[in-house]
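Since the structure comes first, as structure tokens, the remarks are kept for the end.
Chains as they are written, first to last, in the working numbering: chain A, 3 to 269; chain B, 190 to 515.
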């Protein structure tokens with residue numbers, strides 16, 4: 003049986019309009035002005051794990067999240083999409099954790115599970131856009147790492163990963179176990195859970211593992227990124243004035259627009 | 190004293206991507222009072238080396254016998270080059286391959302790793318100030334790295350290639366490819382057909398469509414405009430997620446970063462994650478029926494109208510303009 007582990011993070015909804023975006027008075031992070039959602043790409047990762055399970059038949063999917071108590075909502079959604087198990091790791095046990103620390107904590111949790119054949123993460127989070135944790139996890143486990151995967155098949159004892167590149171896509175044959183990041187594609191849009199699966203997800207127990215459950219001393223997990231000092235977090239000022247082309251009808255506006263473009267010497 | 194190394198992963202001839210990485214490394218090295226070394230992963234010829242020196246490399250390391258891209262082989266080679274020049278600031282391009290190997294190289298070197306940066310400044314004490322867009326481009330995070338090794342990937346098109354000094358030369362070293370048994374293998378590389386125009390990253394004119402286009406077929410109108418203007422067609426994430434156009438056309442935080450002279454956004458509302466991809470555009474022009482769409486906040490010119498009404502007239506007006514000026 004294949005064991006697929008999907009890592010999900012809860013973040014502030016990245017789709018909020020810029021006008022609603024505010025910084026926390028600490029000026030070290032965003033203020034909680036939006037609802038909390040699963041990070042972009044993390045549900046795409048779960049979706050391709052679900053598709054792989056449908057293809058191979060015999061697979062088990064564990065969703066894990068390192069986060070605050072509210073992150074249980076992301077895990078419940080994962081269960082309602084039909085992940086088999088979900089585990090929360092208490093982020094508050096690891097204050098100020100950096101990307102290396104996240105990878106070490108997730109690795110400690112994954113080591114407590116049945117051996118994972120494939121670990122899937124989103125290509126980057128929608129808040130800090132680090133793009134590091136999956137690669138660090140691969141380094142922790144010394145497993146092959148492939149990024150920007152949009153689809154997977156199992157071929158014998160290898161995975162075939164369909165990976166996006168700048169100009170198209172590649173099929174990467176990877177030995178198992180492996181670690182991948184997942185990017186969006188029209189074939190991996192997260193499915194909408196069924197009502198009965200929502201009910202089932204609400205009845206499931208989701209354990210919350212602590213630092214001591216994982217045998218970790220919080221101060222020892224930090225890595226070199228914890229030494230970076232955030233000297234400033236700011237909203238960049240955009241002071242472009244948009245000239246709206248007016249006209250009685252579409253034809254007049256189009257002619258006006260062409261004149262203005264010609265004046266800018268771009269046509 | 191810092192030692193700066195720029196790692197290049199050529200996809201053929203010397204391109205703007207390499208020029209950007211070297212330029213970022215050259216100005217950082219100058220601020221730190223150091224010289225720039227360049228490491229080339231994969232096959233390259235003498236004219237490639239000449240370009241590296243022209244853009245500011247002082248020395249260059251090649252890897253003998255390193256064939257086409259394989260992540261573990263390229264990672265190991267990058268680490269060997271870093272060790273051979275005692276680099277403690279290592280720059281990678283933010284390409285698929287660069288982003289794949291940079292974190293692991295950093296991890297094994299015990300370095301701090303920051304990807305997709307748009308600003309990089311050094312001082313004479315060896316401190317680095319790094320700017321990275323966060324929250325989908327709604328904010329910038331400024332980070333200070335005081336000591337210890339650092340791995341940085343600069344965002345594509347966030348650096349304007351510097352002046353070339355043709356004829357500049359430097360030292361060329363060669364190291365053997367590391368011996369290992371790779372666990373991944375690229376079986377197939379397929380180039381997606383993205384129309385007749387230039388590559389999005391190099392296009393001077395981009396006509397881009399979003400959710401407002403409504404379906405796949407409507408992109409032919411953008412293609413018609415692109416042909417007229419000698420440009421290329423791009424798209425927002427929403428349009429790619431719908432499967433209307435291939436993901437290779439996606440512009441934004443997790444798609445292409447572009448720097449055209451003219452970016453014409455049609456039916457694109459302007460989510461911050463999209464605006465991140467067009468920060469380098471000189472003139473943004475928006476066509477949208479919603480006057481409140483955020484795209485108008487970054488556009489220089491805007492037309493509030495249905496694109497269905499406007500585009501056919503725009504094609505006519507542009508055709509006439511071309512006829513008058515030819």
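All C-beta atoms in this analysis are idealised placements derived from N, C-alpha and C, irrespective of residue type, glycine included.
Practice task
Let me know the secondary structure DSSP gives residue 35 of chain A once reduced to three states.
Solution key: For this step, residue 35 of chain A is matched to residue 33 along the first chain. DSSP places residue 35 of chain A in coil when its eight states are reduced to three.
Handout entry: Within chain B, partners of residue 104 of chain A - CB distance below 7 Å
Key = Sequence index remark: in the first chain, residue 104 of chain A carries index 102 (1-based). Here the premise fails: no neighbours, minimum Cβ distance about 12 Å.
Problem - Contact check, residue 365 of chain B vs residue 261 of chain B, beta carbons under 7 Å - result: Here residue 365 of chain B refers to the residue found at position 176 when the second chain is read from its first residue. Here residue 261 of chain B refers to the residue found at position 72 when the second chain is read from its first residue. Contact flag unset, no.
Practice task
List the residues of chain A whose Cβ lies closer than 8 Å to the Cβ of residue 377 of chain B, in chain order.
Solution key: Translated into positions along the second chain, residue 377 of chain B becomes position 188. 172 and 173, listed in chain order.
Problem - Any beta strand (DSSP E) of 3 or more consecutive residues that is wholly inside the segment 195–259 of chain B - result: 225–229 and 248–253
Problem - Close-in-space but distant-in-sequence residues of the same chain around residue 147 of chain A (CB under 6 Å, 5 per side omitted) - result: Numbered from 1 along the first chain, position 145 holds the residue referred to as residue 147 of chain A. Same-chain partners within the cutoff: 137, 140 and 181.
Problem - Under 7 Å between C-beta atoms of residue 190 of chain A and residue 99 of chain A - result: Walking along the first chain from the start, residue 190 of chain A turns up at place 188. Walking along the first chain from the start, residue 99 of chain A turns up at place 97. For residue 190 of chain A and residue 99 of chain A, no; Cβs fall outside 7 Å.
Handout entry: Segment contact flag, the segment 455–472 of chain B with the segment 218–227 of chain A, C-beta cutoff 8 Å, min 3 pairs
Key = no
Practice task
Taking 7 Å as the cut-off, decide whether the C-beta atoms of residue 22 of chain A and residue 37 of chain A are in contact.
Solution key: Here residue 22 of chain A refers to the residue found at position 20 of the first chain. Here residue 37 of chain A refers to the residue found at position 35 of the first chain. In this structure, residue 37 of chain A does not lie closer than 7 Å to residue 22 of chain A by Cβ.
Problem - Spatial neighbours of residue 319 of chain B in its chain, beta-carbon cut-off 6 Å, leaving aside the 5 residues before and after - result: Within the second chain, numbered from 1, the residue matching residue 319 of chain B stands at position 130. Result list for residue 319 of chain B: 303, 306, 309 and 332, in chain order.
Practice task
Could you name the residues of the segment 202–220 of chain B whose beta carbon sits closer than 8 Å to any beta carbon of chain A, in the order they occur along the chain?
Solution key: none
Exercise for the section: May I ask which residues mark the beginning and end of the alpha helix (DSSP H) holding residue 79 of chain A? Expected result: Mapped onto the first chain, residue 79 of chain A falls at position 77. It spans 74–82 - the alpha helix (DSSP H) in which residue 79 of chain A sits, taken as one unbroken run.
Handout entry: Residues within the segment 201–212 of chain A neighbouring chain B, beta-carbon criterion of under 9 Å
Key = none
Exercise for the section: Can you grab the Cα-Cα spacing for the pair residue 296 of chain A / residue 474 of chain B, in whole Å? Expected result: Outside the shown range of chain A (3 to 269) lies residue 296 of chain A, about which nothing can therefore be said.
Handout entry: residue 2 of chain A - DSSP class collapsed to helix/strand/coil
Key = Nothing about residue 2 of chain A can be read from this structure; chain A reaches only from 3 to 269.
Practice task
List the residues of chain B whose Cβ lies closer than 9 Å to the Cβ of residue 229 of chain A, in chain order.
Solution key: By one-based count along the first chain, residue 229 of chain A stands at place 227. Result: 301, 334, 335, 336 and 337.
Problem - For residue 151 of chain A, three-class secondary structure by DSSP - result: Taking the first chain and counting its residues from 1, the one referred to as residue 151 of chain A is at position 149. The answer is strand: DSSP assigns residue 151 of chain A an E or B state.
Handout entry: Pairwise C-alpha distance: residue 229 of chain B and residue 203 of chain B
Key = Against the second chain, residue 203 of chain B aligns to sequence position 14. Against the second chain, residue 229 of chain B aligns to sequence position 40. So the two alpha carbons sit approximately 11 Å from each other.
Practice task
Identify, in the order they occur along the chain, each residue of the same chain with its Cβ nearer than 6 Å to the Cβ of residue 347 of chain B, setting aside the five sequence neighbours on each side.
Solution key: The sequence position of residue 347 of chain B within the second chain is 158, counting from 1. The residues are 307.
Practice task
Tell whether a beta-carbon distance below 7 Å holds between residue 107 of chain A and residue 90 of chain A.
Solution key: Residue 107 of chain A sits at position 105 when you count from the first residue of the first chain. Residue 90 of chain A sits at position 88 when you count from the first residue of the first chain. Cβ atoms of residue 107 of chain A and residue 90 of chain A: not closer than 7 Å.
Exercise for the section: Give the interface partners of residue 53 of chain A over in chain B, defined as CB-CB distance under 8 Å, in chain order. Expected result: Taking the first chain and counting its residues from 1, one reaches residue 53 of chain A at position 51. Result: empty, since nearest Cβ-Cβ is about 16 Å, beyond 8 Å.
Problem - Delimiting residues of the beta strand (DSSP E) encompassing residue 181 of chain A - result: The sequence position of residue 181 of chain A within the first chain is 179, counting from 1. Unbroken beta strand (DSSP E) run through residue 181 of chain A: 180–184.
Problem - Interface partners of residue 166 of chain A on chain B, CB under 8 Å - result: Working through the first chain from its first residue, we reach residue 166 of chain A at position 164. Residues of chain B passing the Cβ test: 285, 436 and 437.
Exercise for the section: Mind checking the segment 237–271 of chain B against chain A and listing, in chain order, the residues whose C-beta falls within less than 8 Å of any C-beta there? Expected result: 260 and 261
Handout entry: DSSP-derived helix/strand/coil call for residue 464 of chain B
Key = Here residue 464 of chain B refers to the residue found at position 275 of the second chain. DSSP places residue 464 of chain B in helix when its eight states are reduced to three.
Exercise for the section: Kindly say whether residue 472 of chain B, judged by its beta-carbon, lies nearer than 7 Å to any beta-carbon of chain A. Expected result: The residue labelled residue 472 of chain B in the question sits at position 283 within the second chain. Interface residue, yes.
Practice task
Please decide whether residue 176 of chain A counts as near chain B, where near means a Cβ-Cβ distance under 7 Å.
Solution key: Residue numbering aside, residue 176 of chain A sits at position 174 when the first chain is read from its first letter. For residue 176 of chain A, the answer is yes, since a Cβ of chain B falls inside 7 Å of its Cβ.
Exercise for the section: Mind listing the chain A neighbours of residue 411 of chain B? Cutoff is C-beta to C-beta under 8 Å, in chain order. Expected result: Along the second chain, one-based indexing puts residue 411 of chain B at 222. Neighbours of residue 411 of chain B on chain A: none; closest Cβ ~15 Å, over 8 Å.
Handout entry: Inter-residue spacing [alpha-carbon to alpha-carbon] between residue 169 of chain A and residue 382 of chain B
Key = On the first chain, position 167 is the one that residue 169 of chain A refers to. On the second chain, position 193 is the one that residue 382 of chain B refers to. Rounded to whole angstroms, residue 169 of chain A to residue 382 of chain B spans 9 Å at the Cα level.
Handout entry: residue 292 of chain B, enclosing beta strand (DSSP E) - first and last residue
Key = Taking the second chain and counting its residues from 1, the one referred to as residue 292 of chain B is at position 103. Premise fails: residue 292 of chain B lies in the alpha helix (DSSP H), 285–298, not in any beta strand (DSSP E).
Exercise for the section: Pull up the CB-CB distance for residue 438 of chain B and residue 424 of chain B, whole angstroms please, since I reckon it's below 8 Å. Expected result: Along the second chain, read from residue 1 onward, the residue named residue 438 of chain B stands at position 249. Along the second chain, read from residue 1 onward, the residue named residue 424 of chain B stands at position 235. Yes, residue 438 of chain B and residue 424 of chain B are in contact; Cβ-Cβ is about 4 Å, under 8 Å.
Practice task
Label residue 335 of chain B either buried or exposed according to how many other C-beta atoms from any shown protein chain fall within 10 Å of its C-beta, with 16 as the threshold for buried.
Solution key: One-based indexing of the second chain puts residue 335 of chain B at position 146. When all chains shown are included, residue 335 of chain B counts as exposed.
Exercise for the section: Kindly confirm or deny that the segment 293–303 of chain B and the segment 194–214 of chain A touch, where touching means at least three C-beta pairs closer than 8 Å. Expected result: no
Exercise for the section: Starting from residue 483 of chain B, find everything on chain A with Cβ-Cβ shorter than 9 Å and list it in chain order. Expected result: The residue labelled residue 483 of chain B in the question sits at position 294 within the second chain. Simply 19, 20 and 21.
Exercise for the section: Indicate whether at least one CB of chain B lies closer than 7 Å to the CB of residue 113 of chain A. Expected result: If you number the first chain from 1, residue 113 of chain A lands on position 111. For residue 113 of chain A, the answer is no, since every Cβ of chain B falls outside 7 Å of its Cβ.
Handout entry: Nearest to residue 88 of chain A (by Cα), restricted to the options A/24, A/187, A/143 and A/48
Key = Working through the first chain from its first residue, we reach residue 88 of chain A at position 86. If we check each option's Cα against that of residue 88 of chain A, A/48 comes out closest.
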